[in-house]
Each structure stands twice: as structure tokens, then as C-alpha cells.
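Numbering of the sequence shown is given in this note's numbering, commencing with residue 10 and proceeding in unit increments.
Using N, Cα and C, we set each Cβ at its ideal position, and we do this for glycine too.
If you're wondering where the values come from, they're calculated on a predicted model, not measured in any experiment.
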Amino acid sequence: MKIKQPKTTTIAPYFNEFNFEDDHSVPSYENELQFLFDYEAIFEDFGKNTLAYYLFLGILDNVYKYATYFSFCVNLFHLFILTRKELRTNLVYIVMIGICLCDLVQLLANIFQYVLLWNIVYKIDQCYDGYKYSHVFVNLMAKTTQIMSRRCSSVLALYLGGIRTFSIIFPLCTRISSWIKPISGVWVILITIIICIAWSAIYAFQVKFEKILYCDVYDPKPRYIPYRMVEKENGIFLYLFIDGCMAMLISLCYVVLAIALVIAIRKAKKRSSSLNNEKSSTNTSGLIIMMAATVFIAEISYGSLYLLIYNIFLGHAEQHFLKNSNVFVQTLFIFNSATHFFICFFLSSQYRNTVRNLFWRREIAQNSLIPAGNSPFRASSGNPRNSERSY
Numbered sequence: 010m011k012i013k014q015p016k017t018t019t020i021a022p023y024f025n026e027f028n029f030e031d032d033h034s035v036p037s038y039e040n041e042l043q044f045l046f047d048y049e050a051i052f053e054d055f056g057k058n059t060l061a062y063y064l065f066l067g068i069l070d071n072v073y074k075y076a077t078y079f080s081f082c083v084n085l086f087h088l089f090i091l092t093r094k095e096l097r098t099n100l101v102y103i104v105m106i107g108i109c110l111c112d113l114v115q116l117l118a119n120i121f122q123y124v125l126l127w128n129i130v131y132k133i134d135q136c137y138d139g140y141k142y143s144h145v146f147v148n149l150m151a152k153t154t155q156i157m158s159r160r161c162s163s164v165l166a167l168y169l170g171g172i173r174t175f176s177i178i179f180p181l182c183t184r185i186s187s188w189i190k191p192i193s194g195v196w197v198i199l200i201t202i203i204i205c206i207a208w209s210a211i212y213a214f215q216v217k218f219e220k221i222l223y224c225d226v227y228d229p230k231p232r233y234i235p236y237r238m239v240e241k242e243n244g245i246f247l248y249l250f251i252d253g254c255m256a257m258l259i260s261l262c263y264v265v266l267a268i269a270l271v272i273a274i275r276k277a278k279k280r281s282s283s284l285n286n287e288k289s290s291t292n293t294s295g296l297i298i299m300m301a302a303t304v305f306i307a308e309i310s311y312g313s314l315y316l317l318i319y320n321i322f323l324g325h326a327e328q329h330f331l332k333n334s335n336v337f338v339q340t341l342f343i344f345n346s347a348t349h350f351f352i353c354f355f356l357s358s359q360y361r362n363t364v365r366n367l368f369w370r371r372e373i374a375q376n377s378l379i380p381a382g383n384s385p386f387r388a389s390s391g392n393p394r395n396s397e398r399s400y
């Protein structure tokens, strides 16, 4: 009788066995900071407060998660308003449509990341920070879209502030008049998106997927080969440093344009002969200034963070903490994208009237169709003056 030999299978490229003969005792460190990072710190009390810092980052990560859902809903409604006929023919709102689309792409990528962590698409097995190859690929695409949308939004907001400033300073210039046409805004959005996609794609080439060859001794073997995303130190250092410098440069341009715009508005008020035109110009300029201010806060924080990581704290313990502090900057960008709707609603009368017409137009139309005899506001006399008083 033949005995069936067991079939050979491919050995999984990881192990979770523990060699008890080796010395696995925890090495002695002089302080808590050396145990956590094995690097020297610039600030002496950094090691004492490290755990508190990471607890704060954990809370901030939850804030970032729920802010993503909130901002996604707000931006969807914001995009719906911006695409109305009353607004989509204006250069300012056309560019804001481009900014809103970039924000939605980033928020949608973040939501995809969270959905994969819900164990709905596949069951995640505990093996350090390893995930399925497709999961790691989604994380890479999310990080790439964050860089793309962040840079695209800042450049479009800068263009919006610049074109508004030049149109007030040089009101009779024919070239400026051609730049403020709606078709010019569409071309600027397309060109900016293409350039930002190319720039963010450079980050994707500075990252590699690495197999995790071992798991913890107490964890079961995963049902898939886990991978993790590893950044190439040399390339990513230069890339993020340049990206941070770009953010600082754009922030500086915001300040210059904001000052120039305020000065131009004051001069325009003196020579303006129409009060209505002046009010409209002031409202639009105030909207652009607030948009630039919110983007400036997020951009200056992002640029400062990466300049600290790859310049001042390079090779120190604080560098590792600041890398994890990126969630703070991301939270600022999320709240910045959510504020665009409120800025437009409170500072733009045209935007506000569009929202009112969408939700109150039907109600007003229905009230106007009520017969005069059945109206609860019917006047008691035929005098038109008494009729007006009845309201």
C-alpha cells in the first residue's frame, strides 16, 4: 500500500519563532530618551515629556479622522453651490471649484485609508505594521494625493490673490483683462493640476514596498504576505526639504499680495465714483484675503515642520517625534478646506444669495401661488396702504 507523501508548499517569507537560547534581555540605557530613540536630544527635558507628546498625537489623530469626514461633507455641498449657473461664470468661483476638487481628492483618499482599516475589505492580521500589498499601495496613493492637492490648492489660492491684486492696481490693462476671463481660470486649473501631479509623482518613486520577514512571537501567522512602505532616506530628504521651501515661498508671496491688495483697495476707494462697485470689490477682495490667510497658516506650518525635521533637528531625537507630528499639519489643512464654505457664505453676498435661492426659492414660489381669498395675510380693506400694514 502506497503512503501518500505530503505535498511541499512554499515556505512563507516570514517567521514568528523565538530562540530562547539567545540573550534577549533589554539593554540598559542611561535615560528614557535613549531607550525610545537611541539619539541625543537638543532639549534636555524632551525625554521626560515624550509619552505626553505621543498621547497628544493620538488624540490629534482621532480629531483628524473625524475632521476628514466633516470636511468631506462640507466640501461636497460647497462644490454643489459653486457649480450653480450664477457662480460658475465668475473667475473667482471657477478657481475655487479647482481648489475644492483638490481638497475632495485628498479627503477621499483619506477615507479610503480608513475604510481599509475597518476589516471590511479584508481581515487585517496583526504583524507589526504590515498590510496587504494593495493596502500599502492605497496608502502610497493617499500620501501622493496629499502632496498633490496641498500644492495645487496653495498655488491656485496664490493665483486668485495675485490676479485680484493686479486687476485692482492696473484696472485699464488689456492683458490683465484677458487673464480674468473664465476660460483663463480653466486653463490655469488644468496646468496647475498637471504640474502638481508630476511633482507628487516624484514622491512615489522615492518609496519602496518592503516585505516583513518576521512577526511577533505571540501573533499568529498572517494569511497573506505583509508589506510596509519604506521611504528612501537620501531621496526623500531632498524632496521634502524642497517641498517645505516651496511652501515657505508661497506663504511669503501670500503676505506680499495681501499687503498689496489692501493698499490697492484703499486707493481704489478714493477714486471710485460708484458705491455699488466699491462694495462688490471690497466683498470679493475680503473673500480672497481670508482664503489666502487660511491657506497661509496651513502652508507656513507645513513648511516650518519640514525645515525643522530636515535642517535644525536632523540626527536628533526630536526629528523622529516631528516626523510623527505631521498629523498636526494635516489637521490644519483639513480644517482649512472646511472653512472655505463658511468664508464664501459670510463674505460673498453673491454666494450667499445663491444658497438662499436654492433652498427658499420653492417656498417663495409656493406662497406666491396662494389665492388672495385664501391668503392668511389678506387685507381687511381695499386700501393698498392698509394692505401693506397687514404684513
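Give the C-beta separation of residue i and residue j to the nearest angstrom, bearing in mind that I take them to be a contact with Cβ-Cβ under 8 Å.
i: L266; j: T340; result: In fact, because the Cβ distance is near 26 Å, the residues do not count as touching under 8 Å.
i: L149; j: A213; result: 6 Å
i: L167; j: Y263; result: 7 Å
i: E240; j: V216; result: 5 Å
i: C205; j: M157; result: 5 Å
i: V114; j: T154; result: 5 Å
i: I318; j: L331; result: 5 Å
i: I120; j: F81; result: 6 Å
i: Q169; j: M300; result: The sequence as given places Leu at residue 169; Gln does not occur at that position. Confirmed, about 7 Å.
i: M257; j: I306; result: That belief does not hold up - the Cβ atoms of M257 and I306 are roughly 13 Å apart, past 8 Å.
i: L126; j: V147; result: Actually they are not in contact, since the Cβ atoms of L126 and V147 sit about 11 Å apart, beyond 8 Å.
Name the DSSP beta bridge partners of residue i, please?
i: Y236; result: Y140 and K220
First and last residue of the alpha helix (DSSP H) that includes residue i?
i: W208; result: P191 to A213
i: Q339; result: N335 to L356
i: L66; result: T59 to L91
i: R97; result: No alpha helix (DSSP H) contains R97, which DSSP labels as neither H nor E.
i: I185; result: T183 to W188
Measure the Cβ-Cβ separation of residue i and residue j and say whether it is below 8 Å.
i: I245; j: P235; result: no
i: A118; j: A151; result: yes
i: I90; j: R97; result: no
i: S357; j: N84; result: no
i: S425; j: D112; result: No statement about residue 425 is possible, as the shown extent of the chain runs from 10 to 400 and does not include it.
i: Y233; j: K94; result: no
i: I203; j: L165; result: no
i: V364; j: F355; result: no
i: F350; j: H144; result: no
i: V336; j: D70; result: yes
i: S193; j: S186; result: no
i: I177; j: I274; result: yes
i: I189; j: L100; result: yes
i: R237; j: G139; result: yes
i: L66; j: N333; result: yes
i: L296; j: I259; result: no
i: L316; j: V338; result: no
i: K74; j: Y123; result: yes
i: R159; j: W208; result: no
Quick one: is residue i near chain C, going by C-beta distance under 8 Å?
i: T340; result: The chain inventory of the structure shown lacks chain C, comprising one protein chain alone.
Checklist entry - Going along the chain, which unbroken runs of the beta strand (DSSP E) with 3 or more residues stay wholly within the stretch 109-134? => result none
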